[in-house]
Amino acid sequence: MARSMNAGRLHRHDQAAGLRALFGPSEARLVPLVANPHLRSHPVLLERLCSALSEHGARLLVIDAADTSPEPHELCEVDLSACMERLGARVHYLAARGLPRRHVDTRGSAQGWLAAVEAAAPPVDLVLMHATARDMTRLIGAREARPVLMCGVDHASLTDAYASIKLLAQRLALRSFDLLVSEDGRPQRAAAAAARLADTADVFLGAVQRSYAAVDCRQPAQATLPQALRQLAHDQRTRAPHATDPAPGPLVQAALSGAEQPPRIPF
143 MARSMNAGRL HRHDQAAGLR ALFGPSEARL VPLVANPHLR SHPVLLERLC
193 SALSEHGARL LVIDAADTSP EPHELCEVDL SACMERLGAR VHYLAARGLP
243 RRHVDTRGSA QGWLAAVEAA APPVDLVLMH ATARDMTRLI GAREARPVLM
293 CGVDHASLTD AYASIKLLAQ RLALRSFDLL VSEDGRPQRA AAAAARLADT
343 ADVFLGAVQR SYAAVDCRQP AQATLPQALR QLAHDQRTRA PHATDPAPGP
393 LVQAALSGAE QPPRIPF
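Taking the working numbering, the leading residue of the sequence shown gets 143, the next gets one more, and so forth.
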């Protein structure tokens, strides 16, 4: 008798869990944009990526938590929703400099803080998190995500991008990434930088660069978005939560096959 009652309770529990999974609120897709302190044009890359991600009606929350980001609102400890600025019909913005480290738990994780931010936000499809690689390791946890790295064509920013990939691979076992390159009017140099980073990450970390987009940050905000950036954003929007990443795309393969070599990345 007791056994049948336990079986009935277990069945009801399983049924409720299935219904919650089917009709409950879905988790927004996380897009980690890894900060690069050596890249002066990072605000432009952030803005262009936001524009590309919010195409086709996608609702976007931007959490700007990098060390170079604006200071958070004084009410952020009391009312997170009141601190979210509406930038358009589909984009909300939260200045969050230093907040992930301020809200780590006893295990050094800031996933609870990120969950609180998402709960306080209006319904969104994507969460674009701009933060350092160190903070990303505290925020992402076990969530499925493909980080987006940024760099320029210079030695310092390229080295920092590699260091970020290495940290994410070591601490979170994330070995698939996308790349935004600020080309500064030198598209061949940008292709070479992407090729070198892809090759180095593959050889030393077993990490795969899925795609890259070169962005001329000198162009006005109203300029047409590069097709490669639109494709990168589309892939991030539609990435299956537990899908295995396929081989690198044709742009990366072409860059690897023959591009001018940028400065060597030191290890």
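All residues carry an ideal CB built from backbone N, CA and C; glycine is no exception. Values in this document were obtained by computation on a predicted structure and should not be read as measured data.
Inset, instruction - Would you mind sorting R360 into buried or exposed? The rule is 16 or more other CB atoms within 10 Å of its CB. - result: Your numbering for residue 360 matches position 218 in the sequence shown. Burial call: exposed.
Inset, instruction - Please go through the same chain and pick out, in chain order, the residues whose beta-carbon is closer than 6 Å to the beta-carbon of A194, but skip the five residues on each side of it. - result: Taking the sequence shown and counting its residues from 1, the one referred to as residue 194 is at position 52. L367, L371, R372, A375, listed in sequence order.
Inset, instruction - List in chain order: all unbroken beta strand (DSSP E) runs of 3+ residues lying wholly within the segment 290–343. - result: The segment 290–343 contains these whole beta strand (DSSP E) runs: 290–293, 318–324.
Inset, instruction - Compare the C-beta of A334 with all C-beta atoms of chain C and state if any pair is closer than 8 Å. - result: Note that chain C does not occur in the displayed structure, where there is just one protein chain.
Legend entry - Pair within 8 Å by beta-carbon distance, A112 and L309: Missing from the structure shown is residue 112; the chain here goes from 143 to 409 and no further.
Legend entry - Buried or exposed (CB count within 10 angstroms, at least 16 for buried), L393: In the sequence shown, counting from the first residue as 1, residue 393 sits at position 251. Confidence at L393 is low in this model, with a pLDDT of 45, below 50, so the placement of that residue should be treated as unreliable; the coordinate-derived value is given next. The Cβ neighbour count for L393, taken over all protein chains shown within 10 Å, is at least 16; the residue is labelled buried.
Inset, instruction - Would you kindly work out how many angstroms separate the C-alpha atoms of S324 and A315, rounded to a whole number? - result: Sequence index remark: in the sequence shown, residue 324 carries index 182 (1-based). Sequence index remark: in the sequence shown, residue 315 carries index 173 (1-based). Taking the straight line from one Cα to the other gives about 27 Å.
Legend entry - For P174, the residue or residues it bridges with in DSSP: Here residue 174 refers to the residue found at position 32 of the sequence shown. M271.
Inset, instruction - Pull up the CB-CB distance for V357 and L322, whole angstroms please, since I reckon it's below 8 Å. - result: In the sequence shown, counting from the first residue as 1, residue 357 sits at position 215. In the sequence shown, counting from the first residue as 1, residue 322 sits at position 180. Contact flag correct, Cβ pair sits at about 6 Å.
Inset, instruction - May I have the straight-line CA-CA distance separating R190 from A363, to the nearest angstrom? - result: Counting from one through the sequence shown, the residue named residue 190 turns up at place 48. Counting from one through the sequence shown, the residue named residue 363 turns up at place 221. Cα to Cα, the separation comes out at about 8 Å.
Inset, instruction - For A311, collect the residues of the same chain with a Cβ closer than 7 Å to its Cβ; drop the 5 residues on either side in sequence, then sort them by chain order. - result: For the purposes of this step, residue 311 is identified with residue 169 of the sequence shown, where counting begins at 1. Short of 7 Å from the beta carbon of A311, and not among the five residues preceding or following it, lie these beta carbons of its own chain, in chain order: R317, L347, A349.
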